[in-house]
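Following: one structure in structure tokens, then a few remarks.
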Amino acid sequence: MIRVALADDHTMFREGLASLLEEQDTMTVIGEASNGVEVLALLKEAPIDVLLLDIEMPGMDGFDTMRAVRKMPNVPKILVLTMHKSPQFIKNIIKAGANGYVPKDSGKKLLVQAISTVHSTGTFHTPETVSIVMDSLKDDKHSTEISPREKEIIQLIADQYTTNEIAEKLFLSVHTVESHRKNILLKLGLKNAAGLVKYAIHKGLI
Amino acid sequence: MRVVFFFLLCFALLFPSATRSQDLRPVDSLRNELALAENDDQLVALQLALFKKLSRIHPDSSQLHLKQAVLLSKRTENDSLVGKVIVAQIQDHMLNNRYDSVLHYVELALQKRGSLGPQQLIDTYTMQGTAHFYKSEYAKAIASHLQSEKISSAHEMEQGKAQVFNNIGIAYIKLEDWYNAEEYMNKSLEICKKYDIKRGISYTLGNLGIIYKHLDRYQDAIAAYLESNVICEELGDQRAIARNYNNIGALYEKEGNYDLALEYYTRCFNTSEAEQYESTLTSVLHNLGNLYSKQKRYTLSIDNFEKSLEIAKALDYRDVVLNNYLGLAETYEKIGALSKAIAHRKLYEKWKDSIVNEEHLKNVSELEIKYATEKKEKDILALSQQKLKDEAAMAKQNLKIRRLSLGLLGAILLFGSIFVIFRQYSKNRKQKELIGAIADTQIAERKRISQDLHDSVGGSLALTKNKLLSLYEKDQGKSKELEDSLQTLTRTSEQVRQISHNLMPGELVKFGLVSAIQTTLDQLQDTELKAQLYVHDMEGRIDPTKEIHLFRTLQEIIQNVIKHAKASQLNIYLNRHRKHLNLMVEDDGLGMETDTPSGMGLSNIKSRVAFLKGTVDIDSVLGKGTTMNILIPL
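If you read the protein sequences in the order shown, they are chains A and B.
So for the first sequence, the numbering used here puts the first residue at 1; every next one is plus one.
So for the second sequence, the numbering used here puts the first residue at 1001; every next one is plus one.
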């Protein structure tokens, strides 16, 4: 018998979920909580195998709860059950230490499967979740690198163009070129134009 | 502050039989007869009579009599008695404001309509109409009352029609169909006058006052209230008199006749205070506050708002509390007490927020939110733009002051001008705070609506979908209807999620600017536009207000690029420097003429950046793409 606890601030949803799960012979709902604090209290009372955890809860939300639960002596398997579906959320949920993620509207079959799998193997992820996390690893849009435009400006500075001349050449205002210059120095940890020229030579830009 | 309170008078007698065929036997003799009753039918009749007698004086014991009657009626075969019992049950639910039960029992009664006499049938339809009215189902209410009218006409029961017509009239008032409302109210008035039903005359005239007010026939409205007061005097109904004075005052105020308005408000105040009609008192004090403010008698105005506020709080009349805060904020603004104005404005926003909080789930609809969001957006921007204009005007004024002081006198006048500039500066600062306060509460409100939509509404939809999915699996996909419903539900969930996201992206609230931008760029994935985000030192969070305004600015820029630029590459730079944040967006699109008058999009961007005390440069040459360079102090 898998001992399941539910944490969701919406009573109606929680009750609906509990009645769905109680129909199963393999699992039993041993406790319900409407926020993180109540989850911690539940954990102190009795051991829990799988915690179904919502993210959006007042006060102590799902992320806070995961952090706190991880410090407890008997850590249950955490299956996050949320309305959020965007890659940013899924990434952060996995990062925060969830053993699995299931969207709230996935249907009973998938949910029951998720609870059993996370209980027996320690993790559960749908192919969609895996591909989202993989995508975000290989194709991270947020880059700390130098952009083509920035390279262009480094080159022009190294070629001894003044800010005014660069602005004219690139159809930009002096302000914007100045901002680019400051950004480049900041990103490369450099102090002045001389450092920039050194960098450009080192990288083979000029 | 433009709110003037009118009272809608409902002349909906809930206990129609009370006005006629009143059983004249006293309670005691009825009780004695109970012991002597020979059969069930007599018992039921007596129990019913006792229920009616006691229902207003001893609700508890009247309930017992009704229960007895219901139990006994199950044994009897006398249909007309059964009908009477059901009608009594309807009346009981009506008295206790259980409108759904009223409607349920009305249906039962109508099934046995053969056993109901005409008066009982009229009562039944009247109560059905009244229940619909209180449930805000006005069209249904009218339909029910029209049934009553039909039966009254068939049986030539003209007197009862006074009430029926009045009930139809108030339903039309609620529907804001003023012409029909007037017609029915006049019909009711005519009958009331014919049979000298004084209470009816006074109510009907009051309702006509409301109708005339909405038709901008202020003189007619005033005449109606004055005539009503003559009757109320005869009836000794001081409460109605006070309300009528208040309404007359409001009408004169609307006409711009402040002296007469003041006179009638004062009469209302005197009566209400003497008789301690608190609800009328809080309303008239608020109206007085408004009037004094218009007359520039600010001390009196504030005094009256404060008094009204105190009573409204005690009565928990939230809309009156709200309007008093607004009145105080605006009056303090007028006298230049800006910190008090801000304090009251904040209270106003807070209360408004809490009222919205309680009610919004009841009437969340996509359109409403969209409309409100756009309008608020415009309001905030309009305010910020006004502030920009004010600043420009102020800058001009300052220049003038400086020239004068230099030209005329030396040091002494220079000190003077510095003083003036300082005052202007501090006034300007307060104005900024005011705008900030409004913008902050609106952001908070939006965040809350977005979360509730996402979680509460979304959660319920998800649960429904799960249940439907189980059904669908059991059904093995046989039912097309079930499949269609599932699809509709999935689409609706998606729409709710999208609306919630548009209101306030969850990523922005939980993880900050970079995550929110990434999500936006993820959504561009399937388009022609390739987007790249370059960030530096953005791991920590920045001030949430800045995050939100920067994110909205970026959204606006991306929208512009998609709509107009025909670009293939979009680069976004977000760099945190020591004292400022640099957001730069470059595209390789068509570019634009930077000196042409800017559209709504561009002016929104400028207002938001100005609100964050930042600067924006727009570099664009036709055919060479566009770069927006935004600096925000940290």
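Glycine included, every Cβ here is placed at the ideal spot set by N, Cα and C.
All values derive from a computational prediction rather than experimental measurement.
Can you tell me whether residue i is helix, strand or coil according to DSSP?
i	result
B/Val1621	coil
B/Arg1113	helix
B/Ile1540	Here residue 1540 of chain B turns out to be Gly, not Ile, going by the sequence shown. Three-state result, B/Gly1540: coil.
A/Phe124	strand
A/Ala200	helix
A/Gly107	coil
A/Met134	helix
A/Arg149	helix
B/Leu1008	Summary for B/Leu1008: the model assigns pLDDT 47, below 50, so the residue's position carries little reliability, and this model does not support an answer.
B/Ser1365	With a pLDDT of only 43 at B/Ser1365, under 50, the local geometry of the prediction cannot be trusted, and the value read off the model is given with reservation. Coil.
B/Arg1403	helix
B/Ala1632	The amino acid occupying residue 1632 of chain B in the given sequence is Ile; Ala does not appear at that position. In the structure shown, B/Ile1632 sits in a strand (DSSP, three-state: E or B).
A/Leu42	helix
A/Met57	coil
A/Met12	helix
B/His1577	coil
A/Met27	strand
A/Ser19	helix
B/Thr1615	strand
B/Gln1559	helix
What does residue i touch in chain A if you count any residue whose Cβ is under 9 Å from its own?
i	result
B/Ser1493	Met83, Asp105
B/Asn1571	Ser147, Pro148, Arg149
From the DSSP secondary-structure annotation, give me the bridge partner or partners of residue i.
i	result
B/Ile1418	DSSP, once it has assigned bridges, lists no residue as partnering B/Ile1418.
B/Lys1530	B/Gln1569
A/Glu32	A/Leu6
B/Glu1586	B/Asn1571, B/Thr1627
A/Tyr101	A/Val80
A/His175	None; A/His175 has no bridge partner.
A/Met66	According to DSSP, which records beta bridges pairwise, A/Met66 is partnered with nothing at all.
B/Thr1553	Answer by DSSP bridge pairing: none, since B/Thr1553 is not bridged.
A/Leu52	A/Leu6, A/Leu79
Quick one: list the residues of chain A neighbouring residue i, beta-carbon separation under 7 Å, in chain order.
i	result
B/Leu1471	Under the 7 Å cutoff, chain A gives no residues; its nearest Cβ is about 10 Å from B/Leu1471.
B/Thr1627	Leu172, Thr176
B/Lys1174	The premise fails here: B/Lys1174 is roughly 32 Å from chain A at the closest Cβ pair, so nothing lies under 7 Å.
B/Val1164	Within 7 Å Cβ-Cβ: nothing; B/Val1164 doesn't reach chain A, min ~42 Å.
B/Glu1586	Arg149
B/Asp1079	Ordered by position in chain A, no residue passes the 7 Å Cβ test against B/Asp1079, which lies about 44 Å from the chain.
B/Phe1511	Gln88, Asn92
B/Asp1617	Ser173, His175, Thr176
B/Asp1522	Pro87
Could you work out which residues of chain B lie near residue i, taking near to mean beta carbons separated by less than 9 Å?
i	result
A/Asn35	Within chain B, no residue comes near A/Asn35; the closest Cβ sits about 13 Å away, beyond 9 Å.
A/Lys182	Asn1575, His1577, Asn1582
A/Glu165	Those within 9 Å of A/Glu165 in chain B number zero; the least Cβ separation is about 15 Å.
A/Lys109	Leu1469, Ser1470, Glu1473
A/His10	Asp1455, Ser1456, Gly1459, Ser1460, Leu1463
A/Glu128	Ordered by position in chain B, no residue passes the 9 Å Cβ test against A/Glu128, which lies about 14 Å from the chain.
Using a cut-off of 8 Å between C-beta atoms, extract the partners of residue i located in chain A.
i	result
B/Thr1519	Ser86, Pro87, Gln88
B/Ser1515	Gln88, Asn92
B/Arg1507	Residue identity check: residue 1507 of chain B is Glu in the sequence provided, not Arg. Those are Ser86, Gln88, Phe89, listed as they occur along chain A.
B/Val1621	Phe171
B/Lys1624	Phe171
B/Phe1305	None at all; the shortest Cβ gap to chain A is about 34 Å.
At a CB-CB cut-off below 8 Å, which residues of chain B make contact with residue i?
i	result
A/Phe13	Gly1459, Ser1460, Ala1462, Leu1463
A/Glu145	Tyr1534
A/Gly16	Leu1463, Asn1466, Lys1467
Anything in chain B within Cβ reach of residue i, meaning under 7 Å, just list it in chain order.
i	result
A/Leu186	His1536, Asn1575, His1577
Following a CB-centred definition, is residue i positioned closer than 7 Å to any heavy atom of the ligand ATP?
i	result
A/Glu56	With respect to the ligand ATP, the structure shown offers nothing to examine, as it has no ligands at all.
Mind pulling the beta strand (DSSP E) runs of 3 or more residues that sit fully within the region 1229-1255 of chain B? You should have found no qualifying run.
Length at least 4, wholly inside the region 1124-1156 of chain B: the alpha helix (DSSP H) runs in chain order: Look at the region 1124-1156 of chain B and you find these whole runs of alpha helix (DSSP H), each 4 residues long or longer: 1138-1154.
If the cut-off is 8 Å on Cβ atoms, which residues from the region 1445-1471 of chain B count as contacting chain A, listed in chain order? Using a CB distance below 8 Å, the part of the region 1445-1471 of chain B facing chain A consists of Gln1451, His1454, Asp1455, Ser1456, Gly1458, Gly1459, Ser1460, Leu1461, Ala1462, Leu1463, Lys1465, Asn1466, Lys1467, Leu1469, Ser1470, ordered along the chain.
Whole alpha helix (DSSP H) elements within the region 1292-1325 of chain B, 4-residue minimum: Along the region 1292-1325 of chain B, the alpha helix (DSSP H) occurs as fully enclosed runs of 4 or more residues at 1298-1315, listed in sequence order.
Going residue by residue through the region 1044-1100 of chain B, where are the continuous alpha helix (DSSP H) segments of at least 4 residues, counting only ones entirely within it? If we require 4 residues or more, the alpha helix (DSSP H) runs fully inside the region 1044-1100 of chain B come out as 1059-1073, 1079-1095.
Check distances from the C-beta atoms of the region 58-85 of chain A to those of chain B and list, in chain order, the residues that come in under 7 Å. Flagged, chain order: Met83, His84.
If we require 4 or more residues per run, which alpha helix (DSSP H) segments fall completely within the region 1470-1540 of chain B? Unbroken alpha helix (DSSP H) runs of no fewer than 4 residues, entirely contained in the region 1470-1540 of chain B, are found at 1480-1503, 1506-1511, 1513-1523, following chain order.
Could you run through the region 1081-1098 of chain B and flag, in chain order, every residue whose CB is less than 8 Å away from some CB of chain A? Nothing from the region 1081-1098 of chain B brings a Cβ to less than 8 Å from some Cβ of chain A.
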